[in-house]
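Data block below; observations after.
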Amino acid sequence: MPDAARLLERLELNHPIVLAPMANASTPSLVAAVCNEGGLGSLGAARLAPDAITTAIREVRAKTNRPFAVNLFAPLPVVVDGAKIETARRLLEPYYREVGLDEVPAPPAKAPYGFDDQLAAVLDEKPPVLSFTFNKLPADAMRRVRASGAMIIGTATNTAEARALEDAGVDAIVAQGGEAGGHRGTFIGSFEDSLIGLVALVPAIARAVRVPVISAGGIMDGRGVRAALALGAAAAQIGTAFLGCPENSAVNPVYRATVLDTEDKATTVARVYTGRYARMVRNRYVTEMSAHEASLPVYPIMGALTMPMIQAAIAQGRGDLVQMLVGQGVARTTNESAGAIMRRIVTELG
Ligand SMILES: Cc1cc2nc3c(=O)[nH]c(=O)nc-3n(C[C@H](O)[C@H](O)[C@H](O)COP(=O)(O)O)c2cc1C
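Mapped onto my numbering, the consecutive letters of the sequence shown carry residue numbers 429 to 778.
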């Protein structure tokens with residue numbers, strides 16, 4: 429059976445469309461709406477505490493009987509560099525003052541929960557699919573997910589990563605093109621070398637591995653899905669096109685207004701908010717802080733330093749400071765409901 433048919437059958441999908449997991453930028457209602465239209469909704473759970481993960485999964489289940497995915501960030505080694513932390517705190521001071529905050533806090537000595545706690549919460553709820561990005565899963569985590577019966581989907585931005593994920597035992601691979609909004613999944617080589625467009629990346633990964641490939645990045649309509657399938661993907665994973673949906677109350681007002689603005693706008697890949705490279709709208713903060721990128725601490729430390737500033741900027745509607753993760757197709761994001769977007773794409777697919 430060809431890859432596409434195998435993937436669709438296993439996930440009971442009517443259409444080869446996956447809602448991208450979007451941590452902090454999607455809701456259980458959005459996930460369920462995509463599932464109910466015959467796509468695969470993915471719950472972006474990476475920034476949720478374990479008890480919030482449980483609640484969110486139950487909310488998805490209350491709204492749909494269809495299969496869905498839960499997504500986590502695979503753990504990364506964290507290098508604590510005191511000098512970089514102090515540099516970042518100094519550089520952030522003027523932005524803190526702009527939004528009326530005093531001191532840039534020191535990063536917490538210990539995170540309130542870790543990946544293992546998140547994974548335990550996910551697996552207790554037995555979701556049909558677990559997807560992840562940023563790295564391979566630790567071998568023990570792979571065993572636990574496998575034992576739960578969930579299908580496992582990893583994320584690759586180059587062929588070396590795709591082969592490594594296949595060797596580790598994933599069931600499908602998201603090929604994340606350079607067009608994609610959000611954090612880069614790169615874990616082998618530099619992020620610059622892996623900003624590969626989907627036209628080049630999907631056929632290369634499809635040739636390198638035997639598992640089905642899911643194409644992600646800049647896909648906004650039926651033409652994009654058809655192109656992904658023609659390139660050798662079994663399905664298309666779509667994020668930015670769903671950022672403006674009314675079901676997506678996780679997107680704050682200034683972010684929402686920006687994604688619904690139909691002017692073409694510059695996106696760039698920077699690590700100035702979280703410490704990890706991500707594609708986002710280039711606003712004033714991104715432009716100014718990018719000059720200091722080499723001096724900033726890594727993920728998630730930088731994220732802890734910027735969080736209070738971002739929250740205050742959101743409350744004040746400051747688009748020049750708020751983090752807005754988007755893909756290169758953002759100018760075509762609409763305020764249609766998720767159901768309407770799914771039906772439109774399916775009609776366009778023919
Ligand atoms: C706001 C936002 C948040 C994202 N968060 C995640 C995430 O939590 N986990 C993940 O695997 N990918 C995440 N991504 C990346 C998507 O999985 C996918 O690669 C991307 O949305 C595809 O490109 P597009 O946004 O142009 O459709 C995110 C993307 C966006 C736009």
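Glycine residues also receive a C-beta, built at the ideal position from the N, C-alpha and C atoms.
Local Cβ density within 10 Å of residue i, reported as buried at 16 or more and exposed below that
i    : result
R712 : exposed
A473 : buried
E721 : exposed
G610 : buried
G613 : buried
R638 : exposed
K554 : exposed
E589 : buried
D599 : buried
R518 : exposed
R704 : buried
G467 : buried
CA nearest to the CA of residue i, picked from the options
i    : options                : result
N452 : I633, V754, E764, R746 : V754
M737 : C463, L520, R438       : L520
D748 : L439, V714, L724       : V714
I769 : D692, I647, A656       : I647
G650 : E776, R486, E437, F501 : E776
R710 : Q751, R684, A656, R760 : Q751
I742 : E440, Y524, M450, R489 : Y524
T702 : D479, V506, L458, A480 : V506
E607 : M708, F562, I729       : M708
L439 : G577, A732, V679       : G577
N493 : P536, T483, P556, N680 : P556
L565 : S765, G597, D552       : G597
Residue range of the unbroken beta strand (DSSP E) whose run includes residue i
i    : result
I581 : 579–584
R707 : 706–709
L500 : 496–501
I647 : Looking at the DSSP string, I647 is not in any beta strand (DSSP E), and its letter there is neither H nor E.
A511 : No beta strand (DSSP E) holds A511; the alpha helix (DSSP H) holding it covers 510–526.
S559 : 557–561
Start-to-end residues for the alpha helix (DSSP H) that takes in residue i
i    : result
Q604 : That residue, Q604, is in no alpha helix (DSSP H); its beta strand (DSSP E) goes 600–604.
V726 : First-last for V726: undefined, no H or E at that position.
R485 : Looking at the sequence provided, one finds Ile at residue 485 rather than Arg. Run containing I485: 478–491, per the alpha helix (DSSP H) assignment.
I773 : 766–777
T587 : 587–596
T715 : 712–718
Worksheet item: Near ligand 1, which residues have their beta-carbon closer than 5 angstroms to a heavy atom?
Response: A448, P449, M450, A451, A453, G472, A474, N499, T561, Q604, A608, G609, G610, A644, G645, G646, I666, G667, T668, L753, G755
Worksheet entry | the region 442–462 touching the region 659–677, judged by at least three CB pairs closer than 8 angstroms | yes
Practice prompt. Count the C-beta pairs between the region 684–694 and the region 465–472 that are closer than 8 angstroms, then say yes if the count reaches three, no if not.
Written response: no
Worksheet item: Just checking, does the region 492–502 make contact with the region 544–551 on the three C-beta pairs under 8 angstroms criterion?
Response: yes
Item to complete: May I ask you to verify whether the region 619–637 touches the region 669–681, counting CB pairs closer than 8 angstroms and requiring at least 3?
Response: no
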